[in-house]
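Asks: Please find one structure pasted underneath; my questions will follow.
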Amino acid sequence: MTNRERATGPSLPLVGRSAHLGTLSARAAAARAGQPQMVVLDGPAGVGKTSLLRTALDPGGPCDGMTVLYGACRAVDSGIGYSGVRALFGPLNLTARRGRSASLLRGGARHALPALAPDPAGADSTPGATFPVLNGLYWLAANLMADRPLVLALDDAHWCDERSLRWLDFLLRRADGMPLLVVLARRTDSGRAAGPALTDLVAHHRPLTLPLAALSAGDVGELVRRAFPEASPQPSFVGALTDVTGGNPLELNRLLHKLRMTGVDPDDAGARRVTELGGRIVASTVHDVLDGQPGRVREVARALAVLGPERPEHLAALAGVSAVQAEEALDVLRRAALVHHDRTDMVHDMVRAAVLSTVAPAALAALRTRAAQLLSDVGRSPEQIAGQLLLLPRADQPWMTAVLLDAAAQAEQRGAPEAAVRYLERVKKARPNAPEVRIRLAGVLAETDPGRSLTLLREALALACDVRTRATAAVRFGLTCLRVQQSPEGARVLSEALDALTAELGTDPEPADRELLTMVEATLLIVGADEKTTLPAVRERAARLTPPPGDTPAQRQQLAMLTVLTAMDGRSAAESVRQARRALRSPGLPLGAWSLLPASLALSLADETDEALDALDTVLRDSRRAAAVWTYGLALATRASVHLDQGGIPQAMADAQTALDLCEGEDWGESAVMPHTVLALALTERGEPERAEAVLDTVKRPRIEDFAWEYHWYLMARARARRARGDTGSALDLLRACGDSLAGAGLANPVLAPWWLDAACLLAESGRLEEARAAAGHGAVLAGRWGSARALGYAALARGAATPGPAGTAALEEAVRLLSASPARADHARALLLLGRALLADGAPREAREHLRNAVALALRCGCVALARQAREELVGAGGRMREITVSPLDMLTGTERTVAALVASGVSNREAAEALFVTVRTVELHLTSIYRKLGVTRRADLADVLREDAADLPGRPAGRDTPR
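The opening residue of the sequence shown carries number 0 in my numbering; numbering runs sequentially from there.
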C-alpha cells in the first residue's frame, strides 16, 4: 500500500546524497524491528529534500516493503486543521461510502473520520473534542502497522497545520514497539517561524536531523555531465555554476535547463555566460519565461500559483480566459518546467513565489478575493475558501466573515481548535464589537488556553447589552472558571447574569428563555458547589428553587445538582433518592454526564449503590464510545469511590489506578484528586499505609483546602493512613480539621466524610471516652436526619466504641444489624470486630470468637487485608484457631493490572482492552506479562478461572458488571 506517486517532482537527479540514503536505510531497518524512528530532513529551498524523499520511498529504496504514506503541505492549507493528515491518508479513500466500512477503520479508528473527511459534518464526532480524533488516527495508524511497517513522510512540513503535528506527537508518544518511521522535510529559510507544535514535536522526540547542504563542486560536475552527456564539461564551467548557484540543486537544474535551451556548451564561453546570468536563477528564469509569453499564459500561471492544484476550467475562470486557452497555457508552462508534467501544480514553492512576485500587493489581494469567491461558487468547503481569506490583509466583508465562521465550525467538528481560533480571530478583527464572536472564540480556547478564554469572556460581558447574550457568556465563563479553579469569580458572574435574566424574563418566559434560565441556574449550582466560600450562597439560592420536572436537558442537569446539594445538607436520604431518580428519567433522550455523575453521587450516599453504578456505567460506556477521556477518568474515579464504600477494595483499586494512569500527561491531570484519595484509602485497607501516603504526596492540586469535596476526602485518606502507621495524634488532628472544614462549609451529610466515626473509634482506643462520646453524639444527630442504614449503622458503631460495658455491646450489636442491611460491607466487618472485642471484655469468649471469625471472613472477601489480620489476631488471642492470613496472588496485582486482567478474562482481545483503557496494545501486553508471572498462569483461560474463583468471594455486584468494556 503506498501513495508515493504523489512524491514525484521535477527531474532533479540525486547526487551527493548517498550518506543520507544510508542513514535513512538504517532508520527504516530499525523501524521494521519495532523501534519507532523520526527523521527530519533540514535544508534551504531547492536543496533537494523532495528528491531525497522520492528516492527513499521508491521501490528498491530504503523503505521498500513498507507501507508508505506521503503528503506534501502547502502554504494555503497551513491554517486548515488536519490538512497534513489528509495529505497523508487521502489516497486511501477512507471517507468514501465504501471506505468507511473498511477494516482500517475498525474499532477506535472510526473516530479518525472527522479529520479525514473533506466535510466533517457527517462524521460522528463531538464539536471541540480533540482527544477522540487524535486517538482515532492513532488506531488507524496501528491498523496499518498490523499489516506492514509504516512510513509517514510529510514534505514541506514547515507549512503543516498545527493539529497534524500534534497528532504526530501523540502517535510517537504511544509508538513503543511499533514498526513506524516518520520523516519530515522542512525548509530552514521559509521565513516562517517554527510554530509551537513543530517545536514541541522536535523537542519531545529528539529526532535524527539530517541537514542537506549545498552540493560540492564534484557533485555539481556530476550534474553537468548528466545534463551534457555528449560533451566534456570544463572546470571553469563547473566552477562558475557552483559559484553562481551556491550548489543549490534546484537553481542548478533550472540554469542547466536554460543553458541547454539556448544552446550554450559547458566550456569556457559557457562559463562566461553563466557569470553574466548571475544569481537568483529560479526567479530570473521564471520571469524570463513569463515575460516572453502572451498575457493569458501569465494570468494562468498566477491563477495556478494562487489556487494550487485545480481543475483547468477553474483556473480559466480565475485567469479570465477560456478553458481551451487555459489548457494551452498549462502546456507552455510544462514545457518551460514551471509546472509538473503529470499534474497541475507548480514544480516547486520557489517557482510559485517567483510567479506571485510579479503581482503587486493590491492586485494579489484582489486575485485571492476572486479565488475565494470562485471556490465558493464551485462548492468548495468553507475551510478551503478560508485558506484564501487568511492570506488577505483584511477579511471584513460580510460574506467573508460568514465563510470564516462556517470554517471555524468545520474546524471544531474536526477537533482542530487551532484552526478554529485562527478563523475566529479574523472575524473578531472584522467585528470588534460583537460579543457573540468573543463568546465563540472563548469556547474554542477553553481547553487549550483557558486564561485567554476568560479574558475574552470578560470583554464579551462588557460589550453585551442583551441579557440573553450576557447569560450565554456567563455560562461559558462559569464553566471555564471551574476548569482553572477560579470558581468564586465564576459564581459571582453567574449570579449577576441570573438576576438580570430573571428580572428581564418575568414570571412566564417563553420555552427557549425558560431553558436558558434553567441552564444558568444549573451552571451556577455546579460552579458554586466547587469551593467552600461559594457553597453557602449557592445552597441558599438552591433552597429557593422549585425542583423542575426534568423534561429537558437543562432541567435534568439542574435537578441532578439540586439532588447533590440536598445530599450535602444531609436532610433526607429518601428525598435525595427521589430527586436523583427524577434526574435520571430520560424519556427517549440521552442523559449527559453532568446529569448522571451528580445523581450517582447522591444515590451512593443514600445507599442506592446499584443504581449509582448503573448511572456510572452509562457514563463510562458513552464516554468510551466518544473517546471522551476526561469524562471517562472522572467516572472511573467516582465508581472507584462507590466500590470503596461497598467494601469492594480490589475493584476500587482497579478503577482508581486506571483513572490515575489516565491523568498522567494530560493538561487536566494536575487538578485530579479523587483517584489519589480512593487509591490511598484502598491501599490502607490492604495494609499498605506507606504506599497510601506516597500516593497522596503526588496530589498537585493547588489550594486544595478551599474545595468542598476533594479536601475532605483527602483529609480522611491522610488520617486513616496515619492511624494505620500508629500516628494517633496526627490522625486525630486531620480528622478534627476535616470536621471543622465540613462545619464551616455547612456540609452535614454523615457519610460524605465520616470523620466523627473514625475520631470516636480512635479516641475510644486511646481511653479518651468523653471526647469519643462527643464525636459519636455529633454523628448521631447527622445520621438521624439522613436516615440511611449506613449512616445509622455508623452512629451505632461510634456509640458502641465510645461506651464501655453492656450498653456499648448492645450498640455494637445494633451496628452489626444495621450495617449488614447496608452496602457498607467493610464497615460491617469492622463492626463485627469491635463487637467481638466487646463481648470478650464482657466475658463471653465463645460469642466473641464467632463474631471475630465472621469479621475475618467478611474482611477477606472485601479485600481488607489489614482488618482481616487484626481480627484474626484477636481471634487467636481469644482462644480461637485460624491459619495465618496469606495474601491472594490476585492481591499482588496493581490496580491497572486487575483492570487489564478482568478485560482479557472477559474475552476481549489485547487491542480491545487497549481501546477501552485509552492505552496502547504494547502497554496491555506488558501488563499481561506481569499478570501471568504474578499469578503463575500461561493462558487466558487460566486467568479467567483465577478471576472467577476470586469473584465468587467478592461483595456487591457480579464482577462482569465492573469490567470497563
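No residue lacks a Cβ here, since even glycine has one placed at the ideal position from N, Cα and C.
In the DSSP output, which residue or residues are listed as bridge partners for E530?
Replies: In DSSP, E530 forms a bridge with F706.
Asks: What are the boundary residues of the alpha helix (DSSP H) that includes G294?
Replies: From DSSP, the alpha helix (DSSP H) with G294 extends over 294-306.
Asks: Report, in whole angstroms, the separation of the C-beta atoms of L143 and T66, which I expect to be a contact under 8 Å.
Replies: Rounded, the Cβ-Cβ distance is 5 Å, consistent with contact.
Asks: Considering only C-alpha positions, which residue in the set G527, L251, S77 is nearest to I384?
Replies: Of the listed residues, the one whose Cα sits closest to I384 is S77.
Asks: Just to check my reading of the structure: I79 and G386 have Cβ atoms closer than 8 Å, yes? What is that Cβ distance to the nearest angstrom?
Replies: That belief holds up - the Cβ atoms of I79 and G386 are roughly 6 Å apart, short of 8 Å.
Asks: What does the Cβ neighbour count give for H1021, buried or exposed, with the cut at 16 atoms within 10 Å?
Replies: Examination of residue 1021 is not possible in this model, given that the chain is present from 0 through 964 alone.
Asks: Between the stretch 175-188 and the stretch 22-41, are three or more C-beta pairs nearer than 8 Å?
Replies: Touching, yes, given that three or more Cβ pairs across the two stretches are closer than 8 Å.
Asks: Please state the DSSP three-state secondary structure of P210.
Replies: Note: P210 maps to strand in three-state DSSP.
Asks: Thinking just about the alpha-carbon of each residue, which of A742, R430, R421 is nearest to the one in A532?
Replies: Looking at the sequence provided, one finds Thr at residue 532 rather than Ala. The residue with the shortest Cα to Cα distance from T532 is A742.
Asks: Sort out for me which residues DSSP pairs T66 with in a bridge.
Replies: Answer is L149, bridged to T66.
Asks: Could you tell me the alpha carbon to alpha carbon distance between D952 and G646, rounded to whole angstroms?
Replies: Because D952 sits at a pLDDT of 49, beneath the cut-off of 50, its placement in the model cannot be relied upon, and the following sentence gives the value as read from the coordinates. Cα-Cα distance, rounded: 12 Å.
Asks: Taking the beta carbon of A900 as the centre, do at least 16 other beta carbons fall within 10 Å, making it buried, or is it exposed?
Replies: Buried.
Asks: Which residues in the same chain have their Cβ closer than 6 Å to the Cβ of M349, if we skip the five residues on either side of it in sequence?
Replies: The residues are A44, G45, V281.
Asks: Between which two residues does the beta strand (DSSP E) containing L389 stretch?
Replies: Looking at the DSSP string, L389 is not in any beta strand (DSSP E), and its letter there is neither H nor E.
Asks: Report the partner residues of G42 according to the DSSP bridge assignment.
Replies: According to DSSP, which records beta bridges pairwise, G42 is partnered with R186.
Asks: Using the Cβ count rule (16 or more neighbours within 10 Å means buried), how would you classify H675?
Replies: It counts as buried.
Asks: With distances taken from CA atoms, which of G262, R279, D267, G738 is nearest L251?
Replies: When each option's Cα is compared against that of L251, the closest is R279.
Asks: Figure out for me which residue from H256, Q372, R848, V936 has the closest Cα to the Cα of R836.
Replies: Of the listed residues, the one whose Cα sits closest to R836 is R848.
Asks: Pull up the DSSP beta-bridge partners for M37, would you.
Replies: Answer by DSSP bridge pairing, in chain order: V181.
Asks: Can you give me the start and stop residues for the alpha helix (DSSP H) that R413 sits inside?
Replies: Counting along the chain, the alpha helix (DSSP H) containing R413 begins and ends at 397-413.
Asks: Report all residues from its chain with a CB closer than 6 Å to the CB of T241; omit the five preceding and five following residues, and keep chain order.
Replies: Counting only Cβ-Cβ distances below 6 Å, and skipping sequence neighbours, we find A216, V219.
Asks: Between A116, L619, R16, P701, which has its C-alpha nearest E669's C-alpha?
Replies: Measuring from the Cα of E669, the nearest candidate turns out to be P701.
Asks: Tell me the DSSP secondary structure of M881 in three-state form.
Replies: The answer is coil: DSSP assigns M881 none of H, G, I, E or B.
Asks: List, from N- to C-terminal side, the alpha helix (DSSP H) runs of 4 residues or more that fit wholly inside the stretch 584-662.
Replies: With a minimum length of 4 residues, the continuous alpha helix (DSSP H) runs that stay inside the stretch 584-662 are 592-604, 608-624, 628-645, 648-662.
Asks: Could you tell me the alpha carbon to alpha carbon distance between A502 and D395, rounded to whole angstroms?
Replies: Cα to Cα, the separation comes out at about 37 Å.
Asks: For E326, collect the residues of the same chain with a Cβ closer than 6 Å to its Cβ; drop the 5 residues on either side in sequence, then sort them by chain order.
Replies: Within the same chain, E326 has close Cβ partners P311.
Asks: Just to confirm my understanding: we take R16, look at its own chain, exclude 5 residues before and 5 after, and list those with CB closer than 6 Å. What are they?
Replies: The residues are L51.
Asks: Can you tell me whether A71 is helix, strand or coil according to DSSP?
Replies: Strand at A71.
Asks: In angstroms, rounded to a whole number, what distance separates the CA positions of V14 and P416?
Replies: Taking the straight line from one Cα to the other gives about 42 Å.
Asks: Kindly list the residues whose CB is nearer than 6 Å to the CB of T274, restricted to its own chain and excluding five residues on each side of it in sequence; keep chain order.
Replies: Once the five neighbours on either side are set aside, the close Cβ partners of T274 are A239.
Asks: Here's a check: name, in chain order, each residue in its chain whose Cβ is nearer than 6 Å to the Cβ of L818, leaving out the five neighbours to either side.
Replies: Around L818: G792, D826, H827, A830.
Asks: Let's see if you can read the secondary structure: which residues bound the alpha helix (DSSP H) around Y81?
Replies: It is not in any alpha helix (DSSP H) - Y81 carries neither H nor E in the DSSP assignment.
Asks: Which residues in the same chain as S787 place their Cβ atom closer than 6 Å to its Cβ, once the five residues preceding and following it in sequence are excluded?
Replies: Same-chain partners within the cutoff: A572, A605, D606.
Asks: Are there three or more Cβ pairs, one per stretch, closer than 8 Å when the stretch 911-924 is compared with the stretch 151-165?
Replies: Touching, no.
Asks: Got a sec, what are the start and stop residues for the alpha helix (DSSP H) A108 sits in?
Replies: Premise fails: A108 is in no alpha helix (DSSP H) and is neither H nor E.
Asks: Please go through the same chain and pick out, in chain order, the residues whose beta-carbon is closer than 7 Å to the beta-carbon of E520, but skip the five residues on each side of it.
Replies: The answer, listed in chain order, is L497, L544, Q557.
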